[in-house]
Amino acid sequence: MRRLAAVLGAVVLGCGGRAISPGSGAPIGGVASAVDAALPAPSPPLIGADVKARLAELAHRAVGSQAPAPPDAGSGDEASAEIPAFGPCTRPTAGEQAALRTRITAWSTRPAPGMRAAGDLGPLAFGCMDHGAIIVDASRVVRGGLLGVWWVLRVTPGAITIVDRMEGDPPDQWGEWAAENTVRTLALVDLDGDGTLDPVRRRTRHEGGSVHADHELVIGDAPGTVVGGANSDLGLAADQPPPGEHTLLVYAARHPTSDPPPVPQLRCVTTAATWSRCPLADAGQRAADRAAAAELAINEPDVLLADPGLLDEQLAVLGVPAAERAPLLAYATPGTSAFATAIAKAIRTLNTARAARTNSEQAAVDDGARAALGGALRAALGEPACPAPTAAQATAARVAVARWIRGHERKADAIVVAPTCAAGGASSAIARWTRDTADGMGTLRAGLFHMKGAAVALTVDATGDDDGPGSEAQLAAKLSAVGPTLVALVETDKLIAVVDGVVTGTHARPADVSALTWTAGTADGTIAMTTDPLARTLDGDTATYWHATTAGVVAVATLARVPPSAPMSATDVLGALLERSERLAAAHDLLAGPPVGLPPPAERAELLAAAKLLGAPPALLDAAAAATN
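Residues in the sequence shown are numbered consecutively from -19, following our numbering.
Structure (C-alpha cells):
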C-alpha cells in the first residue's frame, strides 16, 4: 500500500503546519491487521461516498492544506552547496570557495600508505567563516579508484584537520551490494553556547540495493559522541528552535515494516550524550501523528472502515470529538469478532511504546533487557560479569593493540580499537583495520585481542575483501568478548569457548544454535553472537542450553519447550530464567503471526497469555477476555 507520501507527502511539523518527509519504523498495528484479516470476510456493506467524504473533510480540518516542506535542507550533494546553519553565518565568497578547493585538493593528494588519490576532488559543501575557521564537507576517490573517502574538515588559515571520516565504495561503483558509506554535516548550530557553530554530522552506512540504511547522528570531533540513530532516514526538521536555545531538531525514521508505517520521531539534539524530547519536538510529533492519520483517512478509508477500533483511535488522533465519531463508527464493517477487535487493540497498544522510540532508543531498551537476563543467568551459573575497563585501562588497551597491529601489518590503516572489558590484570578489545595487498586490492581485517600484563595476543580474527559491502558489520558481528579471559562464539551450529586465546571446547551437531537474545531475534547470516556465554540447541520439543566456561562447553539444562500460557517451573533459578526466555520468544512469534481462522478457545487463551506476558495493559486484556466471538 502507498502510505504517508500519497497525499500529504510529508509529516507535518510544529504548530505552523510545516512538514517533513515521512520515514519508517517498527510495527504499529501490523499484528492487528493480521488478526482481522484472519476472520471470515463478511459481505461488504454499502459504504456511501458521503462517509468517505466526511472522513476526508475531518482529515483536512485537522491538518489544513499547507504544502509540505523538504525534510532535509541538504548538506552538499552538489558543487558549492551550503551546509545549513542556525545562527550568525558569513558564507565564503566565490573566490574564497575556489581557494578552499585548491587547498583541500592539495591536502587530499598528500602521499599516504595505500591512499594515493585518483581523479578530481568531489563536490564540496561549505559552512560559515566562523572565528577564523570553516567547516567543509569533502570527498575523494583513492587507492587507484577502488575506495571512496568522505571527510568533514575544519579549515583554518594554517591547517586542515579532520572532524570526521568515512570510507566506502567510490560513487561510480554504487549499486547492488556496494558499500555506500558517507559522512555529511547535517547542520551547524552552537550547541554548547561558546559562540562557535558546531558541526552535527550524519554518518550513513548503506548496502547498495537495500531498502534501508543505518544512520548515526554524531556531535564532537572524531570519534565524537553518537547521540542517536535510525535505520531508514535521519534528517533535519523543517522547524527549528531559535539559536539562543542551543538545540537542533531532527527526525529519525524507522524502516516501514507495518501497515500503516509509523511516523518519524522528532528529537532534540544538545550537548547531551543522547537526544531527547523537547516542547517543539512534542508539538511537532502531535502534528506528525495527525498527518499520518489524515493520510490514512483520505487515501485509504476502507482500511479504517474495516476496523472499528482503529477507526476510533485514528479519529481521536485527528481531534474529532466523540459525538462526531459515533455516526462514522456506525458505518464500520459489521460482523467483526468482538474478541478480535479487543485483542487487536491490545496488540496495537503493546506496539505503541516500541513505535514511539527511535532505532537507537529501542536498541538501548533491548540491550538493557538482554543485559538483565544475561546478568541473572551469569549469577545463576556462577559466571563473573565482564567489567567495563576504566579510562586508563581503555587507553592502555588501544595503545597496545594499535602497536601490535602496526608491528604485524606494515601497511595497516584506519585502525579502530574498542576495549571491551578488563579485570585481574587481563583485558580484551575488538579492533578493525585495513591493509593493502600486492595486487592493490584492499583487505578489511578484524580481530579480538586478549591482553595479560605486557602480552598481547590475537585471539580470533576475520578478513573481508576490499572493504566490501557489509564487511565491517559482518566482521564485528563475529567477535564478542564476555570476559577478560573468556570468549564465547556462536558460529552456524557451534558454540565455541576460547580461554586466554586458546579454544578449549566446542559443541557441534546438526541443530538450531542461536544466541540467547529474544528481544533481537536471530542474527543476520550464519554468525550470531551471545551477549553472555550461553546458547541453545532445539531438538524437537526440547531445548538444551550450553554454557561456554573456562573448562570448555558444557550442557547446563534441557527443558521442554512450552507455550506461553503454560505455568512456569520454579524448581530452580536457572530453569525459571530459561523457561521465561522461551516463553518471551514464543509470545513474540505468536503475536507476529496469529492463528489462521476465528480463534477457538485454546487459541484465544494463547493470544491472551502472550499479550499478558509481553505487558499489555490489564484493562485491555480484561476487555479481550470478556469479549465474545
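Cβ coordinates follow ideal geometry from the N, Cα and C atoms, glycine included.
Quick caveat, the model's predicted, so the values are computed rather than measured.
Buried versus exposed call for residue i [16 or more other C-beta atoms within 10 Å across all chains shown]
i: Glu341; result: buried
i: Ala604; result: buried
i: Ala97; result: buried
i: Arg90; result: exposed
i: Gly208; result: buried
i: Arg270; result: buried
i: Glu304; result: exposed
i: His388; result: exposed
i: Ala589; result: buried
i: His111; result: exposed
i: Ile142; result: exposed
i: Val379; result: exposed
i: Gly348; result: exposed
i: Ala178; result: It should be noted that the sequence gives Asp, not Ala, for residue 178. Answer is buried; the Cβ neighbour count reaches 16.
i: Ala253; result: exposed
i: Leu233; result: Position check: residue 233 holds Ala in this sequence, whereas Leu was assumed. Buried.
i: Val283; result: buried
i: Thr375; result: exposed
i: Thr184; result: buried
i: Val122; result: buried
i: Gly622; result: The question about residue 622 has no answer, for the chain in this structure spans -19 to 609.
i: Pro2; result: For Pro2, the predicted model reports a pLDDT of 26, less than 50, meaning its position is unreliable; a value from the coordinates is still stated below. Buried, since its Cβ has 16 or more Cβ neighbours within 10 Å.
Where residue i falls: helix, strand or coil (DSSP)
i: Trp413; result: strand
i: Asp100; result: coil
i: Glu616; result: With the chain covering only -19 through 609, there is no way to say anything about residue 616.
i: Glu62; result: strand
i: Asp519; result: strand
i: Ser88; result: helix
i: Gly5; result: Confidence is the limiting factor: at Gly5 the pLDDT is only 29, short of 50, which leaves the residue's position unreliable, though a coordinate-based value still follows. In this structure, Gly5 counts as strand in the three-state DSSP scheme.
i: Glu583; result: helix
i: Glu76; result: helix
i: Glu187; result: strand
i: Leu593; result: helix
i: Asp30; result: helix
i: Gly427; result: strand
i: Arg270; result: helix
i: Leu166; result: strand
i: Val297; result: helix
i: Glu559; result: helix
i: Asp392; result: Going by the sequence as given, residue 392 is Ala instead of Asp. In this structure, Ala392 counts as coil in the three-state DSSP scheme.
i: Ala477; result: strand
i: Asp201; result: coil
i: Val610; result: Past the boundaries of the shown model lies residue 610; the chain is included only from -19 to 609, so the question cannot be answered.
i: Gly44; result: coil
i: Ala105; result: strand
i: Ala607; result: coil
Rounded C-alpha distance that separates residue i from residue j
i: Gln373; j: Ile410; result: 14 angstroms
i: Ala371; j: Asp393; result: 24 angstroms
i: Ala261; j: Ala218; result: 11 angstroms
i: Pro7; j: Asn331; result: No answer about Pro7 holds up, because its pLDDT of 26 lies below 50 and its placement is not dependable.
i: Pro72; j: Leu438; result: 49 angstroms
i: Pro236; j: Arg584; result: 29 angstroms
i: Ile278; j: Ala306; result: 19 angstroms
i: Thr517; j: Cys401; result: 28 angstroms
i: Gly520; j: Gly555; result: 18 angstroms
i: Ala596; j: Ala320; result: 15 angstroms
i: Val129; j: Leu101; result: 10 angstroms
i: Gly433; j: Val396; result: 21 angstroms
i: Ala625; j: Thr162; result: Here the chain comprises residues numbered -19 to 609, so residue 625 is not present and cannot be evaluated.
i: Thr625; j: Gly107; result: In the structure as shown, the chain begins at -19 and stops at 609. Residue 625 is therefore absent and cannot be evaluated.
i: Ser451; j: Pro151; result: Because Ser451 sits at a pLDDT of 39, beneath the cut-off of 50, its placement in the model cannot be relied upon, and the point is left open.
i: Trp154; j: Leu166; result: 22 angstroms
i: Leu285; j: Ala39; result: 15 angstroms
i: Gly264; j: Leu246; result: 7 angstroms
i: Pro242; j: Val297; result: 14 angstroms
Beta-bridge pairing of residue i - partner residues as DSSP gives them
i: Cys248; result: Leu229 and Ser256
i: Asp213; result: Ala233
i: Leu171; result: Looking at the DSSP assignment, Leu171 forms no beta bridge with any residue, so it has no partner.
i: Glu196; result: Arg183 and Gly209
i: Thr524; result: Thr517 and Thr538
i: Leu438; result: Phe429
i: Ala406; result: Ala403 and Lys432
i: Ala398; result: Ile410
Proximity test, Cβ basis, 8 angstroms: residue i and chain C
i: Ile199; result: Here there is only one protein chain, and chain C is not present.
Output the residue ranges of the alpha helix (DSSP H) runs that lie fully inside the region 323 to 387 and measure 4 residues or longer, sorted by chain position. 339 to 361
Going along the chain, which unbroken runs of the beta strand (DSSP E) with 3 or more residues stay wholly within the region 112 to 159? 114 to 122, 127 to 136 and 139 to 148
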